[in-house]
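Note sheet for the following structure.
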Amino acid sequence: MGSATVLDSILEGVRADVAAREAVVSLAEVKARAERAPAPLDVMAALRAPGIAVIAEVKRASPSRGELASIADPAELASAYESGGARAISVLTEQRRFNGSLDDLDAVRAAVSIPVLRKDFIVRPYQIHEARAHGADLLLLIVAALEQPALESLLERTESLGMTALVEVHTEEEADRALQAGASLIGVNARNLKTLEVDRDCFARIAPGLPSNVIKIAESGVRGTADLLAYAGAGADGVLVGEGLVTSGDPRSAVADLVTAGTHPSCPKPAR
């Protein structure tokens, strides 16, 4: 058996943290809270609207870069993203490597009227009900973190609660697994979570093999409008951007620049 990867280490911490939360708030209680939450928003309609969708991320830190931004007020940041034209807001809730929390998710959900993504390492059904209880409309399922039966059952449970799963892949084999599981929204992450290395050609290699009815999101590596246009040319329906926004100094304008580029007549259109 090979040595543990970065992803293995993250997942070990996530499992411990989920167990600790479940010891305080039972699965039954989280399910009850999820049932009382307002109905989830229609994510796919937002992502299928004309132009390249920008999913803007509330991201304090990452394993590859350490601390990125302190973000004293995630609600204020999310509101700036929304006013800049973001179609959805991604909120990191993993606490050990990304300095995120469910409190951040609560704050963002209360501040914006667009769909909110819980971005975390989902490994247990508990986290799906938890996401819904805290107002998430969609959540991330990472193929590399899940065996196929778990991926399929977690995707099914996500959809049973009315939410949408953004299924993340990094290789052609993972993309095949995502499709086999029934994913309709696939994110291609340029970063290999096992090594943290970035492969900027990853999206252009994988996207052509995905059906036209699958919404394709490019994750990682969007530093500005040139990267958005490159991803659009490779078939992206949208981009997920975190680091480039939280370090920009003017997140509303940074989002607006991407949105303007993504709706410009010269921007390549998704093949839908």
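First residue of the sequence shown? That's 1 in the UniProt record's numbering, and the numbers climb one at a time after it. Even for Gly, the Cβ is constructed at its ideal location relative to N, Cα and C. Nothing here was measured: the structure is a model prediction, and the numbers come from that model.
Inset, instruction - Measure the C-alpha to C-alpha separation of M1 and P149 and round it to an integer number of angstroms. - result: For the purposes of this step, residue 1 is taken as the residue at position 1 of the sequence shown. For the purposes of this step, residue 149 is taken as the residue at position 149 of the sequence shown. Confidence is the limiting factor: at M1 the pLDDT is only 43, short of 50, which leaves the residue's position unreliable, though a coordinate-based value still follows. Taking the straight line from one Cα to the other gives about 22 Å.
Inset, instruction - Determine the DSSP secondary structure at T5, reduced to helix, strand or coil. - result: Taking the first residue of the sequence shown as position 1, residue 5 is located at position 5. In the displayed model, T5 falls within coil according to three-state DSSP, outside both helix and strand.
Inset, instruction - Under the assumption that A72 contacts A107 (Cβ atoms under 8 Å), give the Cβ distance between them as a whole number of angstroms. - result: As a position in the sequence shown, residue 72 is number 72, starting the count at 1. As a position in the sequence shown, residue 107 is number 107, starting the count at 1. Contact check for A72 and A107: beta-carbon distance about 11 Å, past the 8 Å limit, so the pair fails to qualify.
Inset, instruction - Classify K59 as helix, strand or coil using the three-state DSSP reduction. - result: Here residue 59 corresponds to residue number 59 of the sequence shown, with the count starting at 1. The answer is coil: DSSP assigns K59 none of H, G, I, E or B.
Inset, instruction - Inspect the CB distances between the region 254-261 and the region 25-41 and report whether three or more fall short of 8 Å. - result: No, they do not touch.
Inset, instruction - Look at V143 and V167 and say whether their C-beta atoms are less than 8 Å apart. - result: Residue mapping note: residue 143 aligns to position 143 of the sequence shown, counting from 1. Residue mapping note: residue 167 aligns to position 167 of the sequence shown, counting from 1. Cβ atoms of V143 and V167: closer than 8 Å.
Legend entry - S248: first and last residue of the uninterrupted beta strand (DSSP E) it sits in: The residue labelled residue 248 in the question sits at position 248 within the sequence shown. Unbroken run through S248: none, as it is neither H nor E.
Inset, instruction - May I have the straight-line CA-CA distance separating R205 from I55, to the nearest angstrom? - result: Against the sequence shown, residue 205 aligns to sequence position 205. Against the sequence shown, residue 55 aligns to sequence position 55. If you draw a straight line from the Cα of R205 to the Cα of I55, it comes to about 22 Å.
Inset, instruction - With a threshold of 7 Å, establish whether the CB of G238 neighbours any heavy atom of the ligand SAH. - result: As far as ligands go, the structure on display features none, and thus does not contain the ligand SAH.
Inset, instruction - Determine contact between the region 180-189 and the region 203-219, defined as no fewer than three beta-carbon pairs at a distance below 8 Å. - result: Two segments are said to touch when three or more pairs of C-beta atoms, one from each, lie closer than 8 Å; by this definition the region 180-189 touches the region 203-219.
Legend entry - Reference L11, options R200, G249, K194, P211, closest by Cα: Along the sequence shown, one-based indexing puts residue 11 at 11. The shortest Cα separation from L11 among R200, G249, K194, P211 belongs to K194.
Legend entry - Where the beta strand (DSSP E) through I186 begins and ends: Here residue 186 refers to the residue found at position 186 when the sequence shown is read from its first residue. 185-189 is the span of the beta strand (DSSP E), which, as asked, contains I186.
Inset, instruction - Helix, strand or coil for V198, going by three-state DSSP, please let me know. - result: Counting from 1 along the sequence shown, the entry for residue 198 is found at position 198. V198 falls in the strand class under three-state DSSP.
Legend entry - Backbone secondary structure at T225 - three-state DSSP: Your numbering for residue 225 matches position 225 in the sequence shown. DSSP places T225 within a helical segment (H, G or I) once states are collapsed to three.
Legend entry - Exposure label - K44; buried when at least 16 CB within 10 Å: Position 44 of the sequence shown, counted from the start, is the residue given in the question as residue 44. Note that residue 44 corresponds to Met in the displayed sequence, not to Lys. Exposed is the call here.
Inset, instruction - Whole angstroms is fine: what's the gap from D176's alpha carbon to A145's? - result: To locate residue 176, count along the sequence shown from 1; it is residue 176. To locate residue 145, count along the sequence shown from 1; it is residue 145. One C-alpha to the other measures close to 15 Å.
Legend entry - Residue-chain proximity (T93, chain B), Cβ-Cβ < 8 Å: This model lacks chain B altogether; it includes just one protein chain.
Legend entry - Buried or exposed by the 16-neighbour rule on C-beta atoms within 10 Å, applied to G238: One-based indexing of the sequence shown puts residue 238 at position 238. The residue in question, G238, is buried, as its Cβ has 16 or more Cβ neighbours within 10 Å.
Legend entry - I52 and C267 closer than 8 Å at C-beta: Counting from one through the sequence shown, the residue named residue 52 turns up at place 52. Counting from one through the sequence shown, the residue named residue 267 turns up at place 267. Yes.
Legend entry - Inter-residue Cα distance where the pair is N213 and P125: Taking the first residue of the sequence shown as position 1, residue 213 is located at position 213. Taking the first residue of the sequence shown as position 1, residue 125 is located at position 125. One C-alpha to the other measures close to 27 Å.
Inset, instruction - Check the DSSP bridge columns for R118 and list the partner residues they point to. - result: Taking the first residue of the sequence shown as 1, we reach residue 118 at position 118. Partner(s): V91, L139.
Legend entry - Residue burial classification, P208 (beta-carbon count within 10 angstroms, cutoff 16): Taking the first residue of the sequence shown as 1, we reach residue 208 at position 208. Taking all protein chains shown into account, P208 has fewer than 16 neighbouring C-beta atoms within 10 Å of its C-beta and is therefore exposed.
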